[in-house]
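The structure under discussion appears below in the form of C-alpha cells.
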Amino acid sequence: MEQRYEFNKSLDTLTQEIIIMGSLVEKNITRAIDALANQSLEIMKEVIETENTIDQMELDIEKNCISLLATQQPMAKDLRKIGAALKIITDLERMGDYAENIAKVTKRIGDEELIKPLIDIPHMAQLTQGMVHYALDAYVKENKEQAYQLGENDDKVDHLHNQVFRELLVLMMENPSTINQATQLLFVSRSLERIADHATNIGERVIFLVSGERVKIND
Amino acid sequence: MNNHANNNAYVLNIRNLNLWYGKDQALTDVSVDIEAQKVTAVIGPSGCGKSTFLKVLNRLIDLVPSARVNGEVLFYGEDILKNHVNLVNLRTSIGMVFQKPNPFPKSIYDNVAYGPKIHGIKSRSHLEEIVEESLKQAALWEEVKDRLNQSAMSLSGGQQQRLCIARALANNPEVLLMDEPTSALDPAATHRIEDLIRKLKEDYHIVIVTHNMQQAARLSDRTMFLLNGELVECGDTETIFTNPEDKRTEDYITGRFG
Chain A
-1 MEQRYEFNKS LDTLTQEIII MGSLVEKNIT RAIDALANQS LEIMKEVIET
49 ENTIDQMELD IEKNCISLLA TQQPMAKDLR KIGAALKIIT DLERMGDYAE
99 NIAKVTKRIG DEELIKPLID IPHMAQLTQG MVHYALDAYV KENKEQAYQL
149 GENDDKVDHL HNQVFRELLV LMMENPSTIN QATQLLFVSR SLERIADHAT
199 NIGERVIFLV SGERVKIND
Chain B
2 MNNHANNNAY VLNIRNLNLW YGKDQALTDV SVDIEAQKVT AVIGPSGCGK
52 STFLKVLNRL IDLVPSARVN GEVLFYGEDI LKNHVNLVNL RTSIGMVFQK
102 PNPFPKSIYD NVAYGPKIHG IKSRSHLEEI VEESLKQAAL WEEVKDRLNQ
152 SAMSLSGGQQ QRLCIARALA NNPEVLLMDE PTSALDPAAT HRIEDLIRKL
202 KEDYHIVIVT HNMQQAARLS DRTMFLLNGE LVECGDTETI FTNPEDKRTE
252 DYITGRFG
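For the record, the sequence lines run as chains A and B. When we follow my numbering, the leftmost residue of the first sequence carries the number -1, and every step to the right adds one. When we follow my numbering, the leftmost residue of the second sequence carries the number 2, and every step to the right adds one.
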C-alpha cells in the first residue's frame, strides 16, 4: 500500500470539495447576472439558496483542514496545500457573497425599466466567471503559469469597471432620475470587479502551493 | 553568563566527513557548517547516521572500536579529529545529552558537581554556586533546591533529563549535542525541555537529533537532512519544512517514506 494512504485520500477529497464549492460560486455569478438581466426574482431566490450551500461548504472544508492540521502533522507541500485551501475557501466564500449582492439588486430595481441595456456588465460577469474557472483549473493542475495569466484578465475586468463607472456617471449627470438604478448597477460592477480580484488571489495561492513563493500577481 | 568571547559565524565546520563501521560506510562525504548561537536540527530516518554524526562531534565515536573516520571537523578552526586533541577538554567544550535520561546513581547535587570536581574545582562555595547556576539554567532549581541531597533517581523522567542538561552545563560547555532529548518524555516535559533549549541557545550552540518533525520545525533555526549517511540538504528550518529543495527531503518530512 502506498505510504500515508488515508492522508493522501483526505487531501484528494479536500481538492474535490474545493472544486465543487468553486463550481457553485461560478454558477452563482452567472445566475446572479441572469436574475438581473431578466429581472427575475425566481432566479434571485435560487442564487440565495445556493449561497447558503456555499457558506456551509466553507465551514465544512475549514473544519476538515483544521482536523488535518491537528491530526496529520502536514509538512512541506502537504502543509502548503492545506494552507492554500484555507485561503482559497475564504476567497470563494467572499465571491459567493458578492454574487448574492448582485442578485439582490434585482429586487431593488424591481419592475423599473433598465436605464440602459446591460452589455458591459454581462461581459464583465462572463470574464470574472471565466477567471474563477481558470483559477480553479490552475489549482487542480497545479499550473503556475496559468495562475500568472489571471493577471491579464483582471486588468480587463478593471478596465471594464472603469468604463461602466464613467458611463453611469454620464447617465446620472444627464438625468438625475436614473441615480437610484445607476448606483445599484455601479454596485454590481464593483462586485464583479472584486470577484475578479479574489480569483486573482486564488491564483496567488496556487503559485504558493506549487512553488512556496508568495507573490502578488497584479502589482 | 557564558563568556565565550568570539564572534565567529560558525562553531563547527565539517569537511568531507566519512565514517565506516568495519566495512559499512555510515557517513559519506558530509560537509556542513554549524552556525553559532543557533539550534541546528539533524533529521533523517532511523539508521541514516544522525547519532553517528553527533558522536563524531565530540569524539564519543572513539568508544566504538570498529569505527574509522576521515575528513575534518573544525571546532573554531581546529581539527578535533587529530590524534593529539585532549578529549577531556573537547568533551567539556562540547557536551552531550542523551535520549534516555542517564543521571548518576548519586545525589542531585553530586550529579551536577561531578564535572566541575573532576576539573579540579574544590572550593565548596564555588561548587555550590555552579550547581545552583546550572540547575537554574536548566529550569530545575525551583523544583529541587530543597532536596539537593536526595537521589537523582527519585526525580521524574522530565526532571532527570533537565538534571542531565544541568550536568552538561556545569562544565561550562560551548556546544550542546542532544540526541533525541525528549523522545522518552511526556508532552508537558517535552515542552519544558523545548522552552529550555530555546533559552539556552542564547548562550550555547546546540545541535539536536530528533525524530519528531514538528519538534525540529518548532525548535531549530537550521535543519540538516541525512539519508543513508549522506547530507541531502541543509538550510533554514522554515525553508526545509515549507519548501524543501530536494524531492527526498520532501518525501521524508511529509512521511511518504522513511
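C-beta atoms are modelled at their ideal positions from N, C-alpha and C, and glycine is treated no differently.
- Considering only B:192, B:148, B:185, the residue with the shortest C-alpha distance to residue 102 of chain B is B:185.
- By the beta-carbon neighbour count (other beta carbons within 10 angstroms, threshold 16), residue 138 of chain B is buried.
- Cβ atoms of residue 109 of chain A and residue 37 of chain A come within 8 Å of each other, at about 7 Å.
- Taken in chain order, the complete beta strand (DSSP E) segments of 3 or more residues contained in the segment 71 to 103 of chain B are 95 to 98.
- The segment 96 to 168 of chain B contains, as complete alpha helix (DSSP H) runs of 4+ residues, the segments 109 to 119, 125 to 138, 142 to 145 (chain order).
- Going by DSSP, residue 231 of chain B is part of the beta strand (DSSP E) stretching over 231 to 237.
- The segment 20 to 34 of chain A and the segment 96 to 109 of chain A touch, with no fewer than 3 CB-CB distances between them shorter than 8 Å.
- If you ignore the 5 residues before and after residue 241 of chain B, its C-beta comes within less than 6 Å of the C-beta of 224, all in its own chain and listed in chain order.
- In the three-state reduction of the DSSP assignment, residue 0 of chain A falls in the coil class, being assigned neither a helical nor a strand state.
- Annotation: Cβ neighbours of residue 2 of chain A in chain B (cutoff 9 Å, chain order): 255, 256, 257.
- Within the segment 226 to 237 of chain B, contact with chain A at the beta-carbon level (separation under 8 Å) is assigned to no residue.
- Close to residue 215 of chain B, with beta-carbon spacing below 9 Å, are these residues of chain A in chain order: 71, 73.
- Using a CB distance cut-off of 8 Å, residue 77 of chain A counts as an interface residue toward chain B.
- An exposed status is given to residue 68 of chain A, since fewer than 16 other beta-carbon atoms sit within 10 Å of its beta-carbon.
- Sorting A:100, A:126, A:16 by C-alpha distance to the C-alpha of residue 194 of chain A places A:126 at the top.
- Under the DSSP assignment, residue 22 of chain B falls in the beta strand (DSSP E) whose first and last residues are 11 to 22.
- Of all C-beta pairs linking the segment 55 to 64 of chain A to the segment 6 to 25 of chain A, three or more are shorter than 8 Å, placing the two stretches in contact.
- For the segment 196 to 212 of chain A, the beta-carbon criterion of a distance under 7 Å to any beta-carbon of chain B is satisfied by 210.
- For the C-beta of residue 54 of chain B, not a single chain A residue is nearer than 8 Å; the gap to the nearest is close to 22 Å.
- Taking every protein chain shown into account, the CB of residue 147 of chain B has fewer than 16 other CB atoms within 10 angstroms, so this residue is exposed.
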